[in-house]
Structure formats: C-alpha cells, structure tokens
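The numbering used here numbers the first residue of the sequence shown as 6 and each following residue consecutively.
Report on one structure; see the data block that follows.
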Amino acid sequence: MQRRMAGGLLVLALLAGPAAAELDLTGAWGQKMHEDRLDRGGGPDIGDFTALPINEAALLRAQTWDANKWSVPEHQCAPHPADYGPHGPAHIRIWTTTDPNSFKVVAYHIMLGWMNPVRTIWLDGRPHPSPNAPHTWEGFSTGVWDGDTLVVKTTHLKEGWIRRNGIPRSANGKLTEFLIRHDNVLTWVSAVEDPVYLTEPYVRSWNWVLAPGLWINPYTCAARVEVERPQGFVAHWLPPGMNPMLKEFSDKTGFPTQVTNGGAAQLYPEYQLELKKLLPAQLPQWGEPANPF
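This is the structure:
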C-alpha cells in the first residue's frame, strides 16, 4: 500500500513539473531603453553604417535613402518588421495559445508597443509555407525548445530595414532568434541573414525586465497628408553622394568614409590594426579612452 502511494505521488510530481526545461515567457516586459539609445529614440545618424556586414548594393540603397519617406501617407503606418521591431522602441506583451486537451503550448504571441504588431510563433511542428506564399511584416515563425532556450525561425518577411537610416533587408531575408529567460530578465538574440544585402549574418541582442504592472496602450495610426508632395513623389537622393547629410556623421566623428561605410571586416578584432592606419593622429586610437579636457 505504501509503495503504491509513493508511486502515485511520484507520478503526480512528474506531471506537475515543467516539461523539458521549457520556461514561461508570458507576461509584460519593459524594454531597457538605454540599450541602442539612438534606435529607441529619434534614430541613428545619417551616414553611420559602421560595423554592419553590408555589401555595395546595401550601401547604395542607404546612400540614396531619404527620411522623407516616412512623411508619405502609404508609409506612415507601416509597422516595424519582425527583425527590426525589438530594436526600436518596444515594450512587449507575450501570451500563449494552448491545446485544451493536452495543455501544451501551441503558439506564443508577441505584441510590441510600437504600432502594436503581433507575431505568432508556432510550436506545434507545422511546416513553413511555400516560397510563393505571401510575405508579411511579421513573417511566418516556428519555434522549438533547446533546453531552456526558445529557438525561432522566421521566413516570408516583407522587405524591411536593418537600421532606420536606410540600410535595407530584402524579402529573401531569414531570421533566427533565441529567447532566453533568466529570472525576471528576458534576453532576445537575433541573427538576420540576407543573400541580397548582407555578406554575413547580422547579430544583435536586447534585454527586457518583467514588468507585471506594464500596460501597452492601443496604437491607432491614420495616414494623412503631412507635407504637400507632387503626385508620384518618391523620397530619394540621387547617387553618387548627392545627399549632403551623408558627411555629417563623418565630420562629427572624424572617421573617414572607409570606416563609416561599414563592412563585415569591422566585426573582427583584426580591424583595430586597419583603424590605426585610417584614423587621424589627433583622434583617440581604437580601444583608447578619449581625453575629455
């Protein structure tokens, strides 16, 4: 009798425990706004493409980009795409859909505060759709647990952007993400691959803090004519180098265009040697603190 009771208690304990180290990601999460402060606010400097693994096509798109794009009605209410959304201003709320019989999580849903886009990450093993299926701002996402890390694969994204200063990401881009919870901190690691504009995967990470009292307000957007434009207006600058704002970042920092134009080489420690050759002598060398006096 005692053995049967002990066995029953063991079964109940196993049933009540977490499955395969899966963690609960649900709740409201407050963004650490000091991280990537420019991107969480007014946006990065025009012409700052440093440390981005971009090719010549991406650089050309960025150099001809014009921020007036966002004043055109058809672009005003475009949400941030799935790969950029966490990088911009975005407190988040996460909830699940569960199977009513097994109580297993079928999908996670993530809503961002900026324009309230909602992503669905399917955990039920369904395949990604045909390459000919429509592309959307949030794409199509599936997830699997690797220990206590949720690994998410996303395809079928509309063309988007790497940074809000003109660096593009094509509709052929793919996204791999790792969502990791440590107590009340959620770390989100993102790797974007794009055969059109990137020469290597572009990896970023961000952190949120659990905020049970956080409330995300509805974000209503109504497109309107903010600036009178001629019919058919397309915001752009003509190449090469017709945008006068491209020099502002270089003039402010003293970095030559070989540096501000980015490239995958800047992601590696060996680039410090190249920087020492390129930077003027009056600037602090790479890794040296600037003299504030």
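Using N, Cα and C, we set each Cβ at its ideal position, and we do this for glycine too.
It should be emphasised that the depicted structure is a prediction, and the values quoted were computed from it without experimental measurement.
Please return the same chain residues whose Cβ sits closer than 7 Å to the Cβ of residue i, not counting the five positions on each side in sequence.
i	result
Pro244	Leu65, Gln68 and Thr69
Thr31	Ile99, Trp100 and Thr101
Thr125	Ala112, His114 and Ser146
His140	His161, Leu162, Lys163 and Ala176
Pro134	Phe145 and His161
Closer than 8 Å by C-beta to residue i: which residues in its own chain qualify, once you throw out the five before and the five after it? Chain order, please.
i	result
Glu253	Asp50, Ile51 and Gly52
Tyr273	none
Pro285	Gly259
Thr262	Ser255
Beta-carbon within less than 6 Å of residue i's beta-carbon, same chain only, minus the 5 sequence neighbours each way: which residues are those?
i	result
Glu182	Val157 and Ser195
Ser175	Glu164, Asp199, Val201 and Tyr202
Asn121	Tyr224
Glu205	Pro58 and Ala269
Tyr276	Ala270
Val208	Ala196
Ala26	Gly152 and Asp153
Please classify residue i: is it buried, with 16 or more other beta-carbons within 10 angstroms of its beta-carbon, or exposed?
i	result
Asn266	buried
Pro78	exposed
Glu143	buried
Val149	exposed
Tyr89	buried
Ala72	exposed
Leu128	buried
Ala228	exposed
Asn189	exposed
Gln236	exposed
Val230	exposed
Leu191	buried
Asn248	buried
Thr103	exposed
Val110	buried
Which whole-angstrom value describes the C-beta separation of residue i and residue j, a residue pair presumed to lie in contact below a C-beta threshold of 8 Å?
i	j	result
Thr147	Arg131	7 Å
Asn212	Glu40	7 Å
Leu162	Leu180	7 Å
Trp119	Ala83	In fact, because the Cβ distance is near 11 Å, the residues do not count as touching under 8 Å.
Trp75	Val214	Not a contact, Cβ separation roughly 30 Å.
Asp44	His92	5 Å
Val239	Thr55	That pair is no contact at about 28 Å.
Leu173	Ala87	Reading off the sequence shown, one finds Pro at residue 173, where the question assumed Leu. Actually they are not in contact, since the Cβ atoms of Pro173 and Ala87 sit about 15 Å apart, beyond 8 Å.
Asn170	Gly47	Contact doesn't hold; Cβ gap of about 11 Å is too wide.
Taking 7 Å as the threshold (beta carbon to beta carbon), is residue i in contact with chain D?
i	result
His39	In the structure shown, chain D cannot be found, because there is only a single protein chain.
Among all the DSSP beta bridges, which residues are the ones paired with residue i?
i	result
Asn212	Thr192
Gly148	Val157
Phe183	Val156 and Val194
Ile172	None; Ile172 has no bridge partner.
Thr101	Tyr113
What are the start and end residues of the alpha helix (DSSP H) that includes residue i?
i	result
Arg66	Glu61 to Gln68
Gln263	Thr262 to Thr265
Arg42	Arg42 to Arg45
Gln36	Note, Gln36: premise wrong, no alpha helix (DSSP H); beta strand (DSSP E) at Gly32 to Gln36.
Could you please give the first and the last residue of the uninterrupted beta strand (DSSP E) stretch that includes residue i?
i	result
Glu79	No beta strand (DSSP E) holds Glu79; the alpha helix (DSSP H) holding it covers Pro78 to Gln81.
Thr258	No beta strand (DSSP E) holds Thr258; the alpha helix (DSSP H) holding it covers Leu251 to Thr258.
Arg124	Val123 to Trp127
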